[in-house]
Every structure is written in structure tokens, then in C-alpha cells.
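> Protein chains in written order, with the working numbering: chain H, 46 to 223; chain X, 320 to 1005.
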């Protein structure tokens, strides 16, 4: 897979639909993670991922370095998600739909869930994205850095800080669980 | 130690995410054992990690997510039709890209050619030539056998092709069928096809098998002529040709030459038909001799005749009488048959006297015809048998002239104020000693009059008459040419007397208006009263014997008045006129031009001088053409013109730029595709 990846990216850029579909399969989850990290909404995130691919297909010829295709896709997704987030900014964060589902399963857990969610929402965007990518897809640091366009080793600090902030914010809850 | 403590968050996360190296992990865990605070953090972090794992697990994309993404992508971006996708696939191939770019450029060039009217023909033609040459090389042998070379004729220009083309032509044509001797009847039958076909005028008297009647009359000639020559074979063998030659010679002695020519004629089996001579005024003989020679010997005879004097001119003619001859001959044959039949009738059916008389009468008529035709044939035979050479001989002028004649010719050009009056005066001079040979007066539609006269003057009176005529008008030009003509010879005789011939005088008379002025002057006079001063000016001109030739008056929008007067005065009054003009106003811008005519006998005091005077006034200070409204109007007009001009320039610029923009755009597009493809290949290589 690793050896053929650049070849697939190149074919996809040159308009090979099958190759592009392979790219969709391999990158859609991380794009979803990014979109979710920004929007905190599964449906919206899914739409963003969808739009990202359509837009990328139409302007694929802009990619000069085919290896950077995933990073380019991630950039598109981030921009789209941000646009969407900005549009609905006046409204409060939609914690409704998804939280309701969870509420039925476990009341106590729902509380914790809400706290985690609000803590996440207060993190800077980059930190939030790093977290979602890590916890959604279990990606190694190198891949995450590449996807987010970070320099080598930068992610360690970001994730450490993100986790530390979360930890401090959720201290009471953690204590109760502990 | 302390760094580990400070970096606890970072190390903690990395440890939880299993991203620490072995050394880092050992150090980290060692620190945890020592530091209670960090241990606490580590515990919390582990919990945090677990919670996050749990919560995120719910939120992350479901298993069918990728498939959903792909199928939705397919819905939203429909596959293109076969043809378009084929084209786009093809466009990914470098060769196709280059071909397309080249085709586009060629198409542009072709479009340009169509617009400018250049044709693409020369290219096509050169291709065609090269292809035909190749075809020729492929089958060199085939050309000789078949007529293929005829098709390439004139198109293939290589030496190779030319070689092939010329070779077959050099082969001698198949020899014509051997000419069998023709019987008279056969020759008669063949004749029509020969008549008018042959253009050969060279005498071809190789008519050995001529009809019997010809053979009879020219038997001698037939026997004598050379047996046969190769050129005699052919259609001209039976021709009846009459050859004639004329020559004009200048000889020293007429009688001697006649003797020589008679001798030549005898040697060439000919004879002298006639001679004639006449004595001329200068005592020289001039005459003509007509010689008949055998046509075959004609050229040789002429060659010998040329030797006896100086050839002035010579002409050779050949007349083809074949058709007339044989027509007459067949008519003669018919007439003979008729004669036979009439004789038969006379012998057998001799009953009625009236009939007999009728037959006799008819017989007489037929016999007369026969005789006429026989005579015609004989005449033609004699004409054909001998060529006629007419030689004109003239004795050269070798002697000294008898006398000289002095011929004088005079040319006189005159300018007269009244052409008709002068013309009539000259005509009135006519007397036995002054003959007017031609007199002509011309008047054209613009009223210009000119006259021409030619006079013959008796030598003794010529001087006085010419002087009298000169006094009638102004002389523009007078020329006399004298010629001495020798009479009766062309040498330089010392004793010959010189006689004066009549003097020929040609006169041209023109109106003096047409004469170009000897001096041309132009000047300006500034004065406030243009009209009054102009009137005064006219008066002055009249006083000085001047004539007003043209005048004009105008007033311009600034209120300035101009009056222009051009007049002509005799040179003698010129200075007085100029003095008088100074009194009229301030004389400005005087310019004088003088055309001196050296070597011509003119009388300068009466020669005309042209003066062109402009009298003008100063205009208004503010003209009607200035002022605020006029300025405003002009400004708007200029602005509009400038706007229209800029619109036109924009159009021109667009027309110039559009094709280039197209080409540059196309080239840029191709270059981008090429470089992208190259970059992509480099990527796959690494």
C-alpha cells in the first residue's frame, strides 16, 4: 500500500476516478475527524467531507505535489468546516441530537460526555483537531502531523498540552471516576 | 529530572499514545516513581485518555462511512460520457498534447493565410514534384518502353528525369515508306492530298515522271538536269514552282556588266531575255537586264552576278502553280475527249445540215478552248522551266560635281500684339520675288491665336524682306541654316560654280500674351483703403503702357481685404512704374526674378515684364473666428474627434493583440500541462 500510494495519488490527480475513489476511502475518516473536531456535529462533518471530495475532484489539477494530496484535502476540509462553523456561530453549540441518544444509555455518562464536549470546545482548534484525529482514528503522530501540515515533532507538544488542559478542566469528574 | 517534570504533560500524552522511545519511557517512569505530583498527573491522564477513548468511540465515523462517501461522490460527480472521457484520457498522453498544440498552431497559421490571401499551393506543388520524381526513379526502364515520360514531361525537373525524357526523342523516326515512281495517273490521284500541305518554297524540280505534255515541252530540260538528289524524294517532287529573282547592283561600267551577265547566263544554260538602258542627267547609264536560267542553277548564277558590282538589294520569290497547272491539264483532257466525240458525230450521223453546222460550230469552240489551255500550259511550263532574274544596273557616281547650290533656310518666331493684323501685313508682301507657299492661322477655344507662314524669297531680295518682317513685330528667335548641295557628283570640285538658291523662310506668329516675361516681380502694398489704391494702381499701369492681365479682390473673416493685380509692362517702363507704386503705400516683400536668354536676338526695351501686386489692409483685432463661442465649439469638436480617434485605436489594438493572446494562452496551457506531467513523473520515480 505504501509504495503504491503516490502512484494512486498521481492517477487521482490526473483524473482517474477509480484511483480517486481509493483516495476517498483512505482519507475520508481522517477528514471526518477534522471536520468533527471543528464542528462537533456528525451530520455536518459528513456533509463537509462530502463537499470536500467534490470540490477536490473539480480542482484536482491545482495539486502540484501529489504526495501532499491528503494534506491538501485536510486543508479544504478545515476551511469548509470553519466556514460552516462561522455561519452558524450565533446559535449555541448543537449538543442536542447526539447527546440525547447517549442520555438514554447512561445518565451519569451523559453528564461526563457533556463536560468532555464543552472542554473540547474550549480548546484551540489545532489542539482539538489533533485530539480528534488521534482518538477517532488511532493515527500515529507522524501521519497526524502530515495531515495537519505540522513540522516533525510538533504534535507531541500540542497533544501533551491538549491532554493537560482537558485533564485540568475535567479534574472533578476524573476524581469522581477515580 | 527537572526537564522531565516540566514536560510532564507532553511525556504523559506520548506515553499513553505509545509514542515514546524506550529511553524516554524508562526515564519517564523513573521520574514517576520519584515524583508524587507527576504520579498523580499520570493517573489523571490515564483516566482522561480512557474517557476520551470512550466518548470518541461513539462519535467517530461508522463502518459504512467510506462506502457512503464514495457512492455520494459518484452521485454528485457523474461519470462523463465515453467520448469525452476518451478525449480527456487521451489528453493525458504527452504525444497527444504536443500534437494538439501543433495542430492548433498550424490551424492559426492557416487561418492567417486565409485572411491575408496567401495560398498554400506552392507547398502542395513541391510535394507533387518530389513524388513524381521518385516514381520515375522506381521504374527507369518502363519509361522507355511506354509513354509514361510524357506524363512527367515539364513537371519533373531533375536531370535524371530529363535524361529519360529526351532519350526516346533522339531516336530517329521510322523512315517513311519508299517513294515509288509514280505514273502520271497516280501522280494525278495523289495530288489533292499534297496541295496546301507543304510550305516548302525551295525549288524541287525533280519531276522526272511528270505528265506527258510537260515532258514534251521541257524535254531538253528534263534530260539535262542531274539524275536525282536525295531531297528530291517526297511530296515536292511533282510540284510546279515558278522562281523569280530581282537584284539591284551598282557597277562601274554598264556595258561591261551586261557582257559579263550574258556570259554567265550562257554558262548556266540560260539566256538573256531583254535589256534596256537609259542615260541619266549626270551622264551615267542605268538599265535593266532580264535573264532566264535553269531553276537549279539560279543560286549559283546569282552568286556570280553579285561579283560584278555592289549589291544594293535582292529579292527571291517562289510561286506554287501546281494546282492551277493540273486543273488546266484535266480540263484539257476533257476538252480533247469532247473533241473526239464531236468528230465521231460528224462522221457517223451526218444527215441534217443544220445539225452538222451546229456540231461544226461546237467543234470549233472546243478546239479554241483546247488551244487556249495548251497555251496556258505551255506558258506555265516555260515559267517553271526557267527562273526569271531581273537585274537593275546603275553606274556609280565617280565624277566631280558639276555645280553647287547654296540653300538657305530661315526660321523666324515673332510675338505680335495683334496676330491677325501682322499676319495680313506679311501676306501683303507677296510678289513674284516673295512667294508665300503656306499660310495658316489657328485659333483655339480659349481665344489664343497663332499663325504660321512659309515663304520662298528670291535670293537677291531675301535680306530686305526679312528685315521688313522683323520690323512688324517683336522677334523672339531668328535662325538661318545654310546648306551647300553638290549637283551631278559627290566629290569636291574646285571649278564648280556655286549658285544661290531661293531662300526658304518659316515664320511663326504668336500673341505676345503667351510670351514668358523677361522679368517677374511680386510685391505687397499695405494700405487702409484697398479699393481706392487699387483704382489708382490701374491708372498708373495704363500711364506706363502696361496691360492688366488679371485682378482679384477678397475679404477674409477677419475683415482683411486683399486685392491682387497682375500686369505686364514693357521693360523700358518698368522703372517708372516701380517709382509710381512707391507713392501708393508701404511697399513690402518685393521679389524680382529675371530670365536672361543669352544668345538670342531680343530687343530688351520692349521685352515684357510681369508685375504682380497685392494691395491689402490690416484686419479687425478680434476676428469672427475667435471669441468664446467659436473657441467652445472648436474645443468640443476636437474633443469628439479625439474620442473617436481613441475608439479607433482601441479597435486596432484589439485586432493586433487578439491572435497573439490566443497563441500565448495556448502555449501557456500546453507548457503547464507538460510541466505538471513531468513533476508527477518525478514524484513516482522517487
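Glycine included, every Cβ here is placed at the ideal spot set by N, Cα and C.
1. Taking residue 822 (chain X) and residue 935 (chain X) to be in contact with their CB atoms under 8 Å, please state how far apart those CB atoms are, rounded to whole angstroms.
2. Work out the CA separation of residue 372 (chain X) and residue 204 (chain H) for me, nearest whole Å.
3. Between residue 661 (chain X) and the ligand GDP, is the CB less than 6 Å from at least one heavy atom?
4. Please report how far the alpha carbon of residue 663 (chain X) lies from the alpha carbon of residue 670 (chain X), in whole angstroms.
5. Would you say residue 211 (chain H) lies against chain X (beta-carbon separation less than 7 Å)?
6. Going along chain H, which residues have a C-beta under 9 Å from residue 984 (chain X)?
7. Looking at the structure shown, is residue 700 (chain X) part of a helix, part of a strand, or coil, going by DSSP?
8. State the DSSP-derived secondary structure class of residue 937 (chain X), mapped to helix, strand or coil.
9. Using the beta-carbon count (16 or more within 10 Å), is residue 638 (chain X) buried or exposed?
10. Ignore the nearest five residues each way along the sequence and tell me which others in residue 762 (chain X)'s own chain have a CB closer than 6 Å to its CB.
11. Taking Cβ-Cβ distances below 7 Å as the criterion, which residues of the stretch 194 to 206 of chain H are in contact with chain X?
12. Taking only beta-carbon atoms, is residue 405 (chain X) less than 7 Å away from chain H?
13. Give the interface partners of residue 380 (chain X) over in chain H, defined as CB-CB distance under 7 Å, in chain order.
14. So, does the CB of residue 371 (chain X) fall closer than 7 Å to a CB anywhere in chain H?
15. Around the Cβ of residue 975 (chain X), are there at least 16 other Cβ atoms within 10 angstroms (buried) or fewer (exposed)?
16. Evaluate the contact criterion for the stretch 110 to 119 of chain H versus the stretch 192 to 200 of chain H: three or more CB pairs, one atom per stretch, below 8 Å.
17. Since residue 768 (chain X) is in the beta strand (DSSP E), which residue starts that stretch and which ends it?
18. Taking the beta carbon of residue 367 (chain X) as the centre, do at least 16 other beta carbons fall within 10 Å, making it buried, or is it exposed?
19. Measuring alpha carbon to alpha carbon, tell me which of X:859, X:428, X:764 and X:590 ends up nearest residue 981 (chain X).
20. Go ahead and pull the three-state DSSP assignment for residue 56 (chain H).
21. How about residue 396 (chain X): is its C-beta nearer than 7 Å to some C-beta of chain H?
22. Please state whether DSSP places residue 327 (chain X) in a helix, a strand or coil.
23. Return the bridge partner residues of residue 709 (chain X) from the DSSP annotation.
24. Report the neighbours of residue 364 (chain X) on chain H: residues whose CB is nearer than 7 Å to its CB, in chain order.
25. Can you tell me whether residue 593 (chain X) is buried or exposed? The criterion is at least 16 other CB atoms within 10 Å of its CB, across all chains shown.
26. May I have the straight-line CA-CA distance separating residue 384 (chain X) from residue 347 (chain X), to the nearest angstrom?
27. Taking all protein chains shown into account, decide if residue 612 (chain X) is buried (16 or more other Cβ within 10 angstroms of its Cβ) or exposed.
28. Taking CB distances under 7 Å as the criterion, tell me whether residue 69 (chain H) reaches chain X.
29. Closer than 6 Å by C-beta to residue 1009 (chain X): which residues in its own chain qualify, once you throw out the five before and the five after it? Chain order, please.
30. Which runs of the beta strand (DSSP E) at least 3 residues long sit entirely within the stretch 925 to 990 of chain X? Give them in chain order.
31. Going along chain H in order, which residues have a C-beta closer than 7 Å to the C-beta of residue 389 (chain X)?
32. Could you tell me the alpha carbon to alpha carbon distance between residue 117 (chain H) and residue 331 (chain X), rounded to whole angstroms?
33. Three or more C-beta pairs under 8 Å: does that hold for the stretch 182 to 189 of chain H against the stretch 208 to 217 of chain H?
34. Reducing DSSP to helix, strand and coil, say where residue 631 (chain X) ends up.
35. Nearest by alpha-carbon distance to residue 563 (chain X): which of X:706, X:620, X:948 and X:872 is it?
36. Tell me, please, whether the CB atom of residue 57 (chain H) is closer than 7 Å to any CB atom in chain X?
If we stick to the structure as given:
1. The Cβ separation is near 55 Å, so there is no contact.
2. Going from the Cα of residue 204 (chain H) to the Cα of residue 372 (chain X) covers about 14 Å.
3. This structure does not include the ligand GDP; it has no bound ligands of any sort.
4. Taking the CA atoms as reference points, residue 663 (chain X) sits about 13 Å from residue 670 (chain X).
5. Yes, residue 211 (chain H) counts as interfacial toward chain X.
6. Listed by position along chain H, the residues whose Cβ is nearer than 9 Å to that of residue 984 (chain X) form an empty set, because the closest Cβ is around 16 Å away.
7. It is helical.
8. Residue state, collapsed to three classes: coil.
9. Taking all protein chains in view, the Cβ of residue 638 (chain X) is surrounded by fewer than 16 other Cβ atoms within 10 Å, so the residue is classified as exposed.
10. Correct list, in chain order: 768.
11. Listed by position, the residues of the stretch 194 to 206 of chain H near chain X (Cβ gap below 7 Å) are 201, 202, 204, 205 and 206.
12. Residue 405 (chain X) does not count as touching chain H.
13. Listed by position along chain H, the residues whose Cβ is nearer than 7 Å to that of residue 380 (chain X) are 74 and 77.
14. It does; some Cβ of chain H falls within 7 Å.
15. By the neighbour-count criterion, in which 16 or more other beta carbons inside 10 Å mark a residue as buried, residue 975 (chain X) falls on the exposed side.
16. Yes, they touch.
17. Per DSSP, residue 768 (chain X) belongs to the beta strand (DSSP E) from 768 to 776.
18. So residue 367 (chain X) counts as buried.
19. Each of X:859, X:428, X:764 and X:590 was checked against the Cα of residue 981 (chain X), and the nearest Cα belongs to X:428.
20. Assignment of residue 56 (chain H) by DSSP, reduced to helix, strand and coil, places it in the helix class.
21. Taking a beta-carbon distance threshold of 7 Å, residue 396 (chain X) counts as an interface residue toward chain H.
22. In this structure, residue 327 (chain X) counts as helix in the three-state DSSP scheme.
23. Answer is X:565 and X:609, bridged to residue 709 (chain X).
24. Listed along chain H, the residues sitting closer than 7 Å to residue 364 (chain X) by beta-carbon distance are 208 and 212.
25. The Cβ neighbour count for residue 593 (chain X), taken over all protein chains shown within 10 Å, is under 16; the residue is labelled exposed.
26. Between residue 384 (chain X) and residue 347 (chain X), the C-alpha separation is close to 39 Å.
27. Under a 10 Å Cβ-count criterion, residue 612 (chain X) is classified as buried, with 16 or more other Cβ atoms of the shown protein chains found around its own Cβ.
28. With respect to chain X, the C-beta atom of residue 69 (chain H) has a partner C-beta closer than 7 Å.
29. In this structure chain X extends from 320 to 1005, so residue 1009 (chain X) is not present and cannot be described.
30. Counting whole runs of 3 or more residues, the stretch 925 to 990 of chain X contains the beta strand (DSSP E) stretches 927 to 935.
31. Simply 66, 69 and 70.
32. Roughly 31 Å between the two C-alpha positions.
33. Contact fails: fewer than three Cβ-Cβ distances are below 8 Å.
34. Strand at residue 631 (chain X).
35. Nearest option by C-alpha distance: X:706.
36. Answer no: the Cβ-Cβ gap between residue 57 (chain H) and chain X never drops below 7 Å.
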